[in-house]
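Heads up, the final residue of the sequence shown is numbered 252 in our numbering, and it's a clean run with no missing numbers.
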Amino acid sequence: MGLIDSHAHLTFPELRNQVDAVLARCDDAGVDAVISIGTDLADAKAAIALAAAHPGRVFVGAGFHPHEADTVDEANLDAMAQLWAADCVVAIGEMGLDYHYDLADRDNQRTAFAGQLARAAAFDKPIVIHCREALADCAPILVEHGFANRRVVFHCFTGSSEEAAVIARHGWRISFTGIVTFPKSLWLQEIAKDYPGDKIMVETDSPYLSPVPVRGKRPNEPSHVAHTARFLANLRGENYDAFVTRTERNTRDFFSLPD
-6 MGLIDSHAHL
4 TFPELRNQVD
14 AVLARCDDAG
24 VDAVISIGTD
34 LADAKAAIAL
44 AAAHPGRVFV
54 GAGFHPHEAD
64 TVDEANLDAM
74 AQLWAADCVV
84 AIGEMGLDYH
94 YDLADRDNQR
104 TAFAGQLARA
114 AAFDKPIVIH
124 CREALADCAP
134 ILVEHGFANR
144 RVVFHCFTGS
154 SEEAAVIARH
164 GWRISFTGIV
174 TFPKSLWLQE
184 IAKDYPGDKI
194 MVETDSPYLS
204 PVPVRGKRPN
214 EPSHVAHTAR
224 FLANLRGENY
234 DAFVTRTERN
244 TRDFFSLPD
């Protein structure tokens, strides 16, 4: 058993021309699989093609990132939903709201988010949420569309302990990137230290957010999830191998990945 990077972007320009080498470095680091997230229609199709070329190693999440919301209409929402039926697509999203960068109109973000959730309700696949400074709007939209106590993960969580508690009350979970390894991320380390062991998952969000001890190295890549896992195991006072086994099982169960 090995680690799974539960959220990466292998199709982004920094990584897409070196995927074979990236996966070889995953082998060296003990990373068995990567979930590559497509953030618009073209990117989702590229991720599906990548998964077809690397069966059992690369899986796919597909959705419209909130930054793309200004270009989303009913026709491409329907086209995205058709992609969700593919076997290699193990998650719907990332989708959600980003009020930090505000790269798309907020009304358009909420409309695109709701439109995806309305279509996702017909699928028994987990939802990957991108939420920055927007939980007050994000959580009610999820509940309104029937996703309370369904498989929902807030990826790259950097919110407060109060926000983590709101997410937990709805039966959802959070996942941790290399941000948790940063020296100034003390509040996030406190959340991670006590996070339920049967729910904890790790991710890189590569090509971004390289963890300590490779912080600043670009691009980040899935093999570096091992650094985050080792940091979390030490933080939680757990044996590294046991932590790897635990997170691998959690991730396979959450995304219904084959053993």
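Each residue gets a CB set at the ideal place from its N, CA and C atoms; glycine is no exception.
Here the structure is a predicted model, which means the values were calculated and not measured.
Taking the beta strand (DSSP E) that residue i belongs to, which residues open and close that run?
i     : result
H163  : No beta strand (DSSP E) holds H163; DSSP gives it neither H nor E.
R125  : I120 to R125
L90   : V82 to D91
F147  : V145 to F147
G190  : Where G190 is concerned, there is no enclosing beta strand (DSSP E), given that its DSSP letter is neither H nor E.
G54   : V51 to A55
I20   : Ile is not the amino acid found at residue 20; the sequence shown has Asp there. It is not in any beta strand (DSSP E) - D20 instead sits in the alpha helix (DSSP H) that spans V12 to A22.
D(-2) : L(-4) to A1
Whose CA, out of the options, lies closest to the CA of residue i?
i     : options                   : result
R50   : A222, G56, V82 and N213   : V82
D95   : A107, C124 and A74        : C124
M(-6) : F247, N243 and F248       : N243
A127  : D100, G108, H138 and K118 : D100
R162  : C149, L179 and P133       : P133
A22   : D(-2), P48 and I28        : D(-2)
F150  : K177, G108 and E196       : E196
P176  : L228, E137 and H138       : L228
L225  : I193, H93, K210 and F248  : I193
A1    : H47, H148 and A45         : H148
A46   : A68, D234, W180 and V12   : V12
I122  : P59, E231, S178 and V159  : P59
F248  : W165, K118 and D191       : K118
R103  : V65, A74, M73 and A72     : V65
Starting from the C-beta of residue i, find all residues in its chain whose C-beta is less than 8 Å away, skip the five residues before and the five after it, and write them out in chain order.
i    : result
I41  : G31, V53, A55, L76, A79, C81 and V82
E61  : T32, D33, A97 and A105
I120 : A84, I85, G86, M88, L110, A113, L135, F140, R143, R144, V145 and V146
K38  : G31 and L76
T238 : M(-6)
E241 : M(-6), G(-5), L(-4), I(-3) and D25
L250 : I(-3), A26, F52, V83 and T244
N232 : A226
Short of 7 Å in beta carbon distance, which residues of its chain neighbour residue i, apart from the five on each side in sequence? Order them along the chain.
i    : result
D36  : T4
F116 : W77 and I85
R9   : L3
Y201 : N213
K210 : S203
Going by DSSP, what residue range makes up the alpha helix (DSSP H) through residue i?
i    : result
I134 : L128 to E137
R242 : Y233 to F248
I184 : L179 to K186
H220 : V218 to R229
I41  : L34 to A46
E67  : E67 to L76
G108 : R99 to A113
List the whole-angstrom C-beta distance separating residue i from residue j, where the pair is believed to meet the contact cut-off of C-beta under 8 Å.
i   : j     : result
E24 : L(-4) : Reading off the sequence shown, one finds Val at residue 24, where the question assumed Glu. The pair is a contact, with the Cβ atoms about 5 Å apart (cut-off 8 Å).
E7  : P215  : Not really, about 12 Å apart at Cβ, beyond 8 Å.
L70 : C131  : Going by Cβ atoms, the distance from L70 to C131 rounds to 18 Å, so no, they are not a contact pair.
Within 8 Å: the Cβ of residue i and any heavy atom of the ligand GTP?
i    : result
A161 : Questions concerning the ligand GTP fall outside what the structure shown contains, since it holds no ligand whatsoever.
For residue i, which residues in the same chain have their Cβ closer than 6 Å to its Cβ, ignoring the five residues on either side in sequence?
i    : result
G108 : L70
The stretch 195 to 214 contacting the stretch 154 to 165, beta-carbon criterion three pairs below 8 Å: no
Sufficient close CB pairs (3 or more, under 8 Å) joining the stretch 3 to 17 to the stretch 182 to 192: no
Given 8 Å, three or more beta-carbon pairs between the stretch 164 to 176 and the stretch 209 to 220: yes
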